[in-house]
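Here's the structure we're looking at; comments come further down.
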Amino acid sequence: MFTWKKYIYEVYREKSFSKAAQNLYISQPSLSARVKKVENEIGFPLFDRSTSPLQLTEVGEVYIKAAEEIFQIEQRVENYINNLTTLKIGNLSLGASNIFAAYVLPPIVTDFKKKFPDVTIQITEGNTSRLESLLSNNYVDFVIDNYHYDSTLYDRKLYCMENIFLAVPRHFEVNDSLKQYQLSLECIQNKDYLQKDFPCVPLDRFADLPFITLSPGNDTRIRADRLCREAGFHPHILLELDQQSTAYMAASTQLGATFISDILVRQLPAFENLVYYKLAGDSARRQVYFYYKNHKYKTRAMEEFLSMTHLTNLPSV
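Residue numbers (the numbering used here): 782 to 1098.
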């Protein structure tokens, strides 16, 4: 019924078949045939052809009013799609653990908002189990995590390579004999330790120290236990905490040594009363990814955000 509404509306606007046909770049007989087809479908004429200029019939008035409403709906949809295309509107939901929500996402989100200020961004914090559940149930578009998600369910994009340091209170005597392994603050900020020839400290030298670790089940704790086991000792644990930042602050009180991400050390002011060491072994390095569901439709906002997550902190070759 409304397939040819544009043609009928032009006849109504011009009140003439010949002028409407000229505006539409079609012949007058072709235009008349299309209008007649709609009138036959409706069962009533739309125009009173006995008047000059052409006038609408009662049914024609109802048809034109309905056509105008359809035009408005089509325009709203077109505007919405255009706004989505240009990201004048849109939503983006991100999931992250405490360290990534606090220290990794903010600069990326800031750059994204500068480019697309009208897109609404929401960040949800949680542990890996909660984040994967949120991603699986489409509550978030992306999750940034250093845990490996099921590749049959999720696609991923590498963000960076994360390294685990050992941070040791400076007053412990063991530091005096390990100066050649210690990382300067400049070295940490410049990422000089990423060079393959940069020396890794023998972890067994710290076997007698007290340790502050994360809670069992945390990936950093699992890796720390593995590193100690490979070095031939079981750490003497004073405290078990839930967040790396909390463990880092506790270590800064000179209470004990802790395993800490280089991302956190670079983002926070390094403590002068701590000594930092690079560690050897695969367990001391892990990849950080942005994960998203397989086969999920990626909105323009998702595509643009993903394009802004540049690969950084990759190992030197």
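Note that the Cβ used here is the ideal one computed from N, Cα and C, for glycine as well.
Since the structure is predicted, the reported quantities are computational estimates derived from the model, not experimental observations.
C-alpha distance - residue i paired with residue j, whole-angstrom precision
i: residue 866; j: residue 964; result: 47 Å
i: residue 890; j: residue 855; result: 33 Å
i: residue 935; j: residue 917; result: 9 Å
i: residue 875; j: residue 824; result: 55 Å
i: residue 796; j: residue 836; result: 7 Å
i: residue 868; j: residue 861; result: 10 Å
i: residue 925; j: residue 1014; result: 32 Å
i: residue 812; j: residue 798; result: 7 Å
i: residue 859; j: residue 783; result: 18 Å
i: residue 1076; j: residue 972; result: 36 Å
i: residue 900; j: residue 873; result: 7 Å
i: residue 987; j: residue 1025; result: 20 Å
i: residue 793; j: residue 933; result: 58 Å
i: residue 881; j: residue 1012; result: 29 Å
i: residue 1088; j: residue 940; result: 11 Å
i: residue 920; j: residue 913; result: 10 Å
i: residue 911; j: residue 982; result: 35 Å
i: residue 888; j: residue 1010; result: 37 Å
i: residue 967; j: residue 930; result: 34 Å
i: residue 807; j: residue 1078; result: 40 Å
i: residue 810; j: residue 842; result: 23 Å
i: residue 960; j: residue 1006; result: 24 Å
i: residue 1083; j: residue 895; result: 16 Å
i: residue 998; j: residue 1016; result: 16 Å
i: residue 1051; j: residue 1034; result: 13 Å
Beta bridge counterpart(s) of residue i as assigned by DSSP
i: residue 942; result: 1068
i: residue 963; result: 1058
i: residue 843; result: Its beta-bridge partners do not exist; DSSP assigns none.
i: residue 1106; result: The chain is shown from 782 up to 1098; residue 1106 falls before or after that span and cannot be answered.
i: residue 948; result: 1039, 1057
i: residue 1081; result: None, per the DSSP bridge assignment.
i: residue 937; result: 1072
i: residue 991; result: 1017
i: residue 828; result: 837
i: residue 1022; result: 995
Cutoff 6 Å; reference residue i; Cβ partners in own chain excluding five residues on either side
i: residue 820; result: 826, 827
i: residue 1073; result: 923, 936
i: residue 897; result: 868
i: residue 948; result: 1032, 1039, 1041, 1055, 1057
i: residue 980; result: 962
i: residue 853; result: none
i: residue 829; result: 836, 838
i: residue 834; result: 796
i: residue 844; result: 827
i: residue 978; result: none
Nearest-angstrom beta carbon gap, residue j and residue i [assumed within contact, 8 Å]
i: residue 822; j: residue 804; result: Incorrect: roughly 23 Å between the Cβ atoms, too far for contact.
i: residue 904; j: residue 877; result: 6 Å
i: residue 990; j: residue 1008; result: Rounded, the Cβ-Cβ distance is 14 Å, inconsistent with contact.
i: residue 893; j: residue 1086; result: 6 Å
i: residue 848; j: residue 789; result: 7 Å
i: residue 786; j: residue 851; result: 7 Å
i: residue 1064; j: residue 1002; result: Wrong, their Cβ atoms sit about 11 Å apart, outside the cutoff.
i: residue 1047; j: residue 970; result: 6 Å
Own chain residues within Cβ distance below 8 Å of residue i, not counting five before or after
i: residue 1020; result: 993, 994, 1028, 1031, 1036, 1037
i: residue 1081; result: 865, 866, 868, 871
i: residue 1000; result: 909, 927, 928, 1067
i: residue 1022; result: 993, 994, 995, 996, 1028, 1031
i: residue 840; result: 823, 825, 826, 827
i: residue 974; result: 944, 964, 968, 1043, 1059
i: residue 915; result: 876, 905, 907, 921, 924
Other residues of its chain near residue i: CB distance less than 7 Å, five sequence neighbours each side excluded
i: residue 1044; result: 880, 884, 885, 943
i: residue 1018; result: 992, 994
i: residue 938; result: 1070, 1071, 1087, 1090
i: residue 802; result: 808, 809, 812
i: residue 951; result: 1054, 1055, 1056
Touch test, the stretch 1051-1069 against the stretch 944-951, Cβ-Cβ under 8 Å, three pairs minimum: yes
Any 3 or more C-beta pairs closer than 8 Å across the stretch 949-965 and the stretch 1084-1093: no
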